[in-house]
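Please read the structure below before turning to the comments.
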Amino acid sequence: MKRQKPLDAQRLKKENSFLITSTTVMFILFVAIVVASFRLQERLSSQSNLIQEEETPIIAEYNVADLSDGAVVMKLPAVDKIGGGVVALLSVQAQEGSGRTLVDIEGLLFFTDTQESITIAKKVASDYTKIDLSKYDLTYRIYAHADSIGGPSAGAALAIATISSLQNLDLREDVVITGRVLPDGKIGEVSSIAAKARIAKENGAKVFLVPLGQGKEKVVEQKKSCTQEGKNEVCNIENVSVEKSIEEEAGIKIVEVSTVQQALGYFLDEDVLGAEARG
94 MKRQKPLDAQ
104 RLKKENSFLI
114 TSTTVMFILF
124 VAIVVASFRL
134 QERLSSQSNL
144 IQEEETPIIA
154 EYNVADLSDG
164 AVVMKLPAVD
174 KIGGGVVALL
184 SVQAQEGSGR
194 TLVDIEGLLF
204 FTDTQESITI
214 AKKVASDYTK
224 IDLSKYDLTY
234 RIYAHADSIG
244 GPSAGAALAI
254 ATISSLQNLD
264 LREDVVITGR
274 VLPDGKIGEV
284 SSIAAKARIA
294 KENGAKVFLV
304 PLGQGKEKVV
314 EQKKSCTQEG
324 KNEVCNIENV
334 SVEKSIEEEA
344 GIKIVEVSTV
354 QQALGYFLDE
364 DVLGAEARG
């Protein structure tokens with residue numbers, strides 16, 4: 094038993110040493126975590142302050158000439174979260190490169206849908222121009238007022254702007270378009286045509302291109318009908334769906350288009366106000 098005491102003491106010493114080492118390591122890890130957490134909070138706070146100090150971008154403050162700089166610039170009629178009309182600016186620039194796609198978008202909701210529209214617009218532009226996009230870098234910028242609705246409604250404009258940038262085309266500034274773009278180059282339906290038409294008119298557009306079949310809007314009106322039953326007049330009121338011309342209501346020429354190729358013709362036409370719809 095006496096010979097085992099040194100062994101017990103040695104074992105106890107090792108256990109104490111291990112405990113001290115473990116405690117030290119845990120303390121160092123704890124300090125490192127606290128310091129890292131503090132630095133992260135400081136960085137997030139700094140970024141938050143920076144964001145709060147920035148003002149909401151306003152379309153009126155963007156100079157189209159400054160945005161151009163070799164790029165194609167188009168106005169995009171859109172709507173905000175409460176359904177009001179707003180105008181965004183789209184800038185597309187094509188440069189020789191390695192097939193990259195650069196996207197800079199501010200203030201748009203449905204950002205993912207907008208990215209998908211860009212992908213389809215590139216395909217349509219490549220099919221139309223027969224240009225190999227792997228040899229070009231395309232930069233897309235959309236400057237939107239507040240929280241504008243992006244989504245698929247900018248698709249047709251994205252395709253036309255991409256084609257124009259690749260072919261160095263000059264587009265009319267008084268023609269605007271809304272509509273989703275489909276992989277085969279057709280233009281699909283979107284919503285809020287009337288609100289977009291009004292805001293397009295207010296921002297100087299003379300011609301508004303819309304998807305096929307969307308030149309009129311359906312509204313619900315109350316219709317009163319009365320019949321005489323003896324000495325009494327009996328009246329009924331019913332809700333009736335009627336079609337109204339958006340062109341007459343908004344005061345801007347509305348042209349229905351079915352394909353990107355057809356729509357592009359209006360952006361290049363010197364006498365677009367007198368042109369007949371193209372097939």
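To convert a position in the sequence shown, counted from 1, into the working numbering, add 93. All residues carry an ideal CB built from backbone N, CA and C; glycine is no exception.
In DSSP terms, what residue i is bridged to
i	result
Q188	D230
L177	In the sequence under discussion, the amino acid at residue 177 is Gly, which differs from the Leu named in the question. Answer by DSSP bridge pairing: none, since G177 is not bridged.
M119	None; M119 has no bridge partner.
S334	V313
A171	V179
E326	Q321
V350	P304
V166	S184
Simplified DSSP state of residue i, which is helix, strand or coil
i	result
L357	helix
I345	coil
T194	strand
T320	strand
A237	strand
K223	coil
A125	helix
D362	coil
8 Å contact criterion, which residue i and residue j should meet: CB distance rounded
i	j	result
I339	K309	6 Å
G178	V185	Contact flag wrong, Cβ pair sits at about 23 Å.
A187	L251	About 13 Å separates the two Cβ atoms, so there is no contact after all.
I256	Y221	6 Å
Y236	G190	Y236 to G190, Cβ: 23 Å. No contact.
K279	T352	5 Å
M167	A254	5 Å
P245	S210	5 Å
C319	V312	C319 to V312, Cβ: 23 Å. No contact.
G248	L226	At roughly 17 Å, the Cβ-Cβ gap does not stay under 8 Å, so G248 and L226 are not in contact.
* Do the region 315 to 334 and the region 268 to 288 touch if we need at least three Cβ pairs shorter than 8 Å? -> no
* To do: Could you tell me which uninterrupted alpha helix (DSSP H) segments, each at least 4 residues in length, are contained entirely in the region 248 to 316, listed from first to last along the chain?
  => 248 to 260, 286 to 295
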